[in-house]
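Visitor: Numbering (the numbering used here), first residue to last: 68 to 369. Glycine included, C-beta positions come from ideal geometry on N, C-alpha and C. Please see the structure below; I have some questions.
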């Protein structure tokens, strides 16, 4: 899991994904000739901080967002959330501005959020939870498993994928924004009719640790039932452990697929975590393994 450890230690708050993009680009270029199929890689200023890989003759696209939730410095030591982080009194935040590295603690006063850094932090500086990775035989616990595990799953898929798009998107945690131009590019370059969202979901009263990867029938948004039935039939055939998720809230890049002008079916498939959007997100290793196996099976058979 060396690559996962590296992914977890890269800061990539929404809007500030460049370091993650550069890491992924270096990783992909170094390894893609050893993959089963060498993809065509689309990368550069015209794609902002997104990366797009085309394997063979794609029928399906996999989307994994590379950003995380976090905070941004404002005025008078104030902080503003980026996305939906949990506001935890005393949580350690890290970042860097032009004056150097930053490590501080979060505190609240009169329903506002502040930091305790010894000097003013430059306005607009992104901060994220300090990383503390714990891996045992059963669980991974760390900040930003959402969506580092989704990225890890996509990279593992790349090793064996013959036909498909693998797309690393940005901004997902703070309202989206990159998916419209990514979908337009794909549909003009080599159209597809179906997509999978490689992301991490929640442990709830019906979705549990150790029961397999979650296939989401709905969150706040509802994919087309005919496509979901196809996914579930294939999942059953795969013999990979899985569980079905039905929730009333939450969203992902799937929302932007559904709201796009293109008739693309989509389904969110990801391992469940608890302690969501905290420094202590936790995922069962067996569920991550099920996620990787399920994506490999589905992409070969969809």
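Below 8 Å CB to CB, which residues in the same chain sit around residue 234 once its five sequence neighbours on both sides are set aside?
Guide: As a first step, residue 234 is located in the chain shown; it is residue number 167 there, counting from the start. Closer than 8 Å at the Cβ level, and outside the excluded window around residue 234, lie 117, 118, 119, 120, 128, 129, 130, 131, 249 and 253.
Visitor: Less than 8 Å between C-beta atoms, sequence neighbours within five positions excluded: which residues of the same chain meet that for residue 232?
Guide: In the chain shown, counting from the first residue as 1, residue 232 sits at position 165. Closer than 8 Å at Cβ, skipping near neighbours: 119, 120, 121, 122, 125, 127, 128, 129, 253, 257 and 259.
Visitor: Round the Cβ separation of residue 192 and residue 246 to the nearest angstrom and send it over; I've been treating them as touching at under 8 Å.
Guide: Here the question's residue 192 lines up with position 125 in the chain shown. Here the question's residue 246 lines up with position 179 in the chain shown. In fact, because the Cβ distance is near 26 Å, the residues do not count as touching under 8 Å.
Visitor: Here's a check: name, in chain order, each residue in its chain whose Cβ is nearer than 7 Å to the Cβ of residue 329, leaving out the five neighbours to either side.
Guide: Here residue 329 is taken as the residue at index 262 of the chain shown, counted from 1. Closer than 7 Å at Cβ, skipping near neighbours: 250 and 254.
Visitor: Tell me, which residues are paired with residue 310 by DSSP?
Guide: Working through the chain shown from its first residue, we reach residue 310 at position 243. Paired residue(s): 281.
Visitor: Which residue comes first and which comes last in the alpha helix (DSSP H) that contains residue 353?
Guide: Here the question's residue 353 lines up with position 286 in the chain shown. First-last of the alpha helix (DSSP H) with residue 353: 352-368.
Visitor: Tell whether a beta-carbon distance below 8 Å holds between residue 184 and residue 169.
Guide: On the chain shown, position 117 is the one that residue 184 refers to. On the chain shown, position 102 is the one that residue 169 refers to. Yes, the pair counts as a contact, with Cβ atoms nearer than the cut-off.
Visitor: The alpha helix (DSSP H) spanning residue 217 covers which residue range?
Guide: As a working mapping, residue 217 is identified with position 150 in the chain shown. Residue 217 -> alpha helix (DSSP H) spans 212-225.
Visitor: If residue 321 sits next to residue 294, beta carbons under 8 Å apart, how far is it from one beta carbon to the other, in whole angstroms?
Guide: For the purposes of this step, residue 321 is identified with residue 254 of the chain shown, where counting begins at 1. For the purposes of this step, residue 294 is identified with residue 227 of the chain shown, where counting begins at 1. 11 Å between Cβ atoms; not a contact.
Visitor: Secondary structure at residue 206, three-state DSSP: helix, strand or coil?
Guide: Here residue 206 corresponds to residue number 139 of the chain shown, with the count starting at 1. Reduced to three states, the DSSP call for residue 206 is strand.
Visitor: Nearest CA to the CA of residue 274: which residue from 79, 326, 286 and 112?
Guide: Position 207 of the chain shown holds residue 274. Residue 286 is the option with its Cα nearest to residue 274.
Visitor: Rounded to whole angstroms, what is the Cα-Cα separation between residue 100 and residue 92?
Guide: Taking the chain shown and counting its residues from 1, one reaches residue 100 at position 33. Taking the chain shown and counting its residues from 1, one reaches residue 92 at position 25. Taking the straight line from one Cα to the other gives about 13 Å.
Visitor: Give me the Cα-Cα distance between residue 360 and residue 291, rounded to the nearest whole angstrom.
Guide: The residue you call residue 360 lines up with position 293 of the chain shown. The residue you call residue 291 lines up with position 224 of the chain shown. Each residue's Cα considered, the two are about 24 Å apart.
Visitor: Report the rounded CA-to-CA distance for residue 267 versus residue 79, giving the unit in angstroms.
Guide: As a position in the chain shown, residue 267 is number 200, starting the count at 1. As a position in the chain shown, residue 79 is number 12, starting the count at 1. So the alpha carbons of these two residues sit roughly 16 Å apart.
Visitor: Whose CA, out of 261, 158, 136 and 362, lies closest to the CA of residue 214?
Guide: Within the chain shown, numbered from 1, the residue matching residue 214 stands at position 147. With distances taken between Cα atoms, residue 214 lies closest to 136.
Visitor: Evaluate contact between the stretch 299-311 and the stretch 347-363, counting only Cβ atoms and requiring at least three cross-stretch pairs below 8 Å.
Guide: They touch, by the three-pair rule.
Visitor: Can you name the start and end residues of the alpha helix (DSSP H) that residue 247 belongs to?
Guide: Position 180 of the chain shown holds residue 247. First-last of the alpha helix (DSSP H) with residue 247: 246-256.
Visitor: Leaving aside the five residues before and after residue 157 along the sequence, list all residues of the same chain whose C-beta is less than 6 Å from its C-beta, in chain order.
Guide: What you label residue 157 is simply residue 90 of the chain shown in a count that begins at 1. The answer, listed in chain order, is 172.
Visitor: Taking Cβ to Cβ, would you say residue 196 is nearer than 8 Å to residue 228?
Guide: Position 129 of the chain shown, counted from the first residue, corresponds to residue 196. Position 161 of the chain shown, counted from the first residue, corresponds to residue 228. Not a contact, by the Cβ cut-off of 8 Å.
Visitor: How should residue 223 be labelled, buried or exposed, when 16 other C-beta atoms within 10 angstroms of its C-beta is the threshold for buried?
Guide: On the chain shown, position 156 is the one that residue 223 refers to. It is buried - the Cβ of residue 223 has at least 16 other Cβ atoms within 10 Å.
Visitor: Does the distance from the C-beta atom of residue 226 to that of residue 103 stay below 8 Å?
Guide: In the chain shown, counting from the first residue as 1, residue 226 sits at position 159. In the chain shown, counting from the first residue as 1, residue 103 sits at position 36. Result yes, Cβ atoms of residue 226 and residue 103 sit closer than 8 Å.
Visitor: Which complete alpha helix (DSSP H) runs does the stretch 284-350 hold, if anything under 4 residues is left out?
Guide: Listed in chain order, they are 292-305 and 320-325.
Visitor: Quick one: residues in its chain with C-beta nearer than 7 Å to the C-beta of residue 200, no 5 flanking neighbours on either side, listed in chain order?
Guide: Position 133 of the chain shown, counting from 1, holds the residue named residue 200. Correct list, in chain order: 72, 75 and 209.
Visitor: Would you say residue 312 and residue 284 are within 8 Å of each other, going by their C-beta atoms?
Guide: Within the chain shown, residue 312 is the residue found at index 245, counting from 1. Within the chain shown, residue 284 is the residue found at index 217, counting from 1. It is a contact, given that the beta carbons lie within the stated cut-off.
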